[in-house]
Amino acid sequence: MLAFFLRPKSDNGYSLRDDNLAYVRRCGETVFAFPPPAVLSRATFIHSIIPVDEPRFKINLRINQMRVSPRLFNLLPGSSYHLRPYPNLRFFLYCNSGPIVSFPTAAYTTARTMSSSSSSSSSPKTLEEKLEALHNFSPCDVSDALLKLQKGNPLAGHLKDITPFSPFIGRQSGQPKIIAPVSTFRFIPKDAPTPEVESLEKHGFPPGKHWVDWAQPGTVVVIEQPAGQSCAALGGIMAARLKYLGVKAAVVDGRVRDLAELHGSGLHVWARGTSTVGTGAEAKPGERDVPISFGGVTISPNPLIMSVLMLQGDIIICDALEGVVVIPRALLDDVLALMPQLVEQDDKAKADVEQGVSVFEAFKRHRTLK
């Protein structure tokens, strides 16, 4: 028996649920065995089923449309890979000389039929289910879908030129995604008049309460800071309060400070840069729970608004490796429906390219969605 050991890189490792192969749940160590396809959680007998004398393989393993390609890889216990499962379970395993395992088989056909027959009833309906389904995809998948759905908008939801600053600095692999609705705050120059809002209680900052206390639990706070400012819009005390209130992360179109305190808070923070200067030097809170733009507004000759416009309740995905992307709430269902098709197309195209097919021909064969 040939087995492939998968150990999650973070606490949010994945295995397939027994009742529906199209969904995932977080769990511990997982073993995929060939043949037949099987999932064994918390396996302790890994050494007894993996032949340690296997030659080094060029692996092309697809699990649920996700290809894991560790190139030259020795099938030994303890190898770490992070899976992102998709509907329609499929297994393909290749070595340098060709396929050594290829499904569908009878076992695979049963699994695929079970998944397909339950797809209509198991498709995500509640917001919680939809957010969970988004964990199966990368921000790049989201942008690919938005690029097709938002004709003429090249930004495709991407929040450009921002970096994680807490609880670590810079891009990291193996970190869990943060996916949640946004709550928005617009900062204005400190000398600017306070905006006239429709309702002070709904969109403004009534006296006697700090702006940070209006942050909503379970959301990602997104702050629009006036362009060109040197001060920070978020610091250690604000981060500590946001963490206490149950905010999942903060994304700042501007600067942050107190990095040691940010790290200590444990709050995930993204920003364009840092500062040593407090907010009050240049900025003040202006409005909350209003549409904001991220990256400034530039009108192109088309004309297009070359910024990402965010509304209260839009969905944001913060991925420590790939970046941050925002899905308009009105397009969430369309994005979830389109992404599996786009991923499957590219998955097939890449598999062909790895077997020597030209990129032009691979795209012609598989990139059929317009």
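The sequence shown begins at 31 in this note's numbering and counts up by one.
Cβ atoms here follow ideal geometry from the backbone N, Cα and C, with glycine treated the same way.
Residue environment for Leu272: buried (at least 16 other C-beta atoms within 10 angstroms of its C-beta). DSSP places Lys278 outside any beta strand (DSSP E), giving it a letter other than H or E.
When secondary structure is reduced to three states using DSSP, Val172 falls in the helix class. About 5 Å separates the beta carbons of Phe217 and Ala313, which is inside the 8 Å limit, making them a contact pair.
For Leu339, the uninterrupted beta strand (DSSP E) run begins and ends at 338-340, by DSSP.
Beta-bridge analysis with DSSP links Cys261 to no other residue. Comparing C-alpha distances from Leu157 to each of Leu366, Thr214, Val387 shows the shortest one belongs to Leu366. Residues Phe217, Ile218, Pro219, Gly284, Glu312, Ala313 of the same chain have their beta carbon placed closer than 8 Å to that of Pro256, with the five preceding and five following residues left out of the count. Take the alpha-carbon of Thr224 and the one of Asn183: they are about 32 Å apart. In the DSSP assignment, Asp382 forms no beta bridge with any residue.
Excluding residues up to 5 positions away in sequence, Val227 lie with their Cβ nearer than 6 Å to the Cβ of Gly234 in the same chain. Note on geometry: alpha-carbon atoms of Val383 and Ala392 lie some 7 Å from one another. Looking at the DSSP output, Ser323 shares a beta bridge with Leu339.
Ala381 has its alpha-carbon roughly 45 Å from the corresponding atom of Asp319. Rounded to whole angstroms, the gap between the alpha carbons of Ala262 and Arg287 is 6 Å. Going by DSSP, Ser295 is part of the alpha helix (DSSP H) stretching over 289-295. Scanning Val354, Leu399, Lys394 for the CA closest to the CA of Val172 turns up Val354. For Trp241, same chain residues with a beta-carbon under 6 Å away, outside a window of 5 residues either side, are Phe235, Pro315 in chain order. Taking all protein chains in view, the Cβ of Lys207 is crowded by 16 or more other Cβ atoms within 10 Å, so the residue is classified as buried.
In this structure, the beta-carbon distance from Ala245 to Leu292 does not fall below 8 Å. Exclusion of the five residues before and after Arg302 leaves Asp191, Ile192, Thr193, Val282, Asp283, Gly284, Arg285 as the residues of its chain whose Cβ lies within less than 8 Å of its Cβ.
Around the beta-carbon of Pro358, 16 or more other beta-carbon atoms lie within 10 Å, marking it buried. Selection His396, Ile347, Gly258, His188 evaluated against Ala163 yields Ile347 as nearest (Cα-Cα). As a beta-bridge residue in DSSP terms, Ile209 pairs with Ile347. Under DSSP, Lys314 forms a beta bridge with Ile218.
A direct Cα-Cα distance of roughly 10 Å separates Val307 from Leu264. Leu372 and Asp174 have their alpha carbons spaced roughly 8 Å apart.
Val387 sits in coil when the DSSP states are folded into three classes, being neither helix nor strand.
Taking the CA atoms as reference points, Gly238 sits about 22 Å from Val252.
Going by DSSP, Ala163 is part of the alpha helix (DSSP H) stretching over 157-164. For Asp283, the secondary structure class from DSSP, reduced to helix, strand or coil, is strand. Collapsing the DSSP output to three states places Gly182 in coil. The three-state reading of DSSP puts Phe393 in helix, counting H, G and I together.
Here Val277 is buried, its C-beta having at least 16 other C-beta atoms within 10 Å. Scanning Ala210, Ser153, Glu352, Ser213 for the CA closest to the CA of Leu189 turns up Glu352. Sixteen is the threshold: when 16 or more other Cβ atoms of the shown chains lie within 10 Å of the Cβ of Gln259, as they do, the residue is buried.
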